[in-house]
Amino acid sequence: MPKALEEVTKEALDLPPRQRLALAEFLLQSTDTAAESEADAAWDLELHDRIRAIDEGRVTGVAYDEVKKAAHKRLNP
9 MPKALEEVTK
19 EALDLPPRQR
29 LALAEFLLQS
39 TDTAAESEAD
49 AAWDLELHDR
59 IRAIDEGRVT
69 GVAYDEVKKA
79 AHKRLNP
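See the structure below:
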């Protein structure tokens with residue numbers, strides 16, 4: 009573990025329990041935000057790729073009613 013991380017960890021462990029929990033929550037939320045941004049970017053790329061595939065005629069859509077009927081058959085044999 010890098011020295012700076014060791015120092016921060018030691019200081020965090022010296023905090024009272026409520027402050028450690030608040031710090032943990034803050035750290036978790038900070039990573040969630042980064043993960044959400046990455047996920048949003050990935051979904052944007054996926055959506056653009058799917059739209060391009062439709063526009064180029066590489067794939068065709070399926071009517072919602074057909075999808076719903078197929079799902080109903082699979083889930084209720």
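If you want this note's numbering, it's the position in the sequence shown, counting the first as 1, plus 8. Even glycine gets a Cβ: it sits at the ideal position worked out from N, Cα and C. Please read all numbers here as calculations on a predicted model, not as lab measurements.
In chain order, what residues of the same chain have a beta carbon less than 8 Å from the beta carbon of A20, not counting five sequence neighbours either side?
R28 and L31
Can you look up R82 in the DSSP assignment and give me helix, strand or coil?
helix
Determine whether the beta carbon atoms of A61 and V70 lie at a separation below 8 Å.
no
With H, G and I counted as helix, E and B as strand and the rest as coil, what does DSSP make of E15?
helix
In the structure shown, what three-state DSSP assignment does P24 receive?
coil
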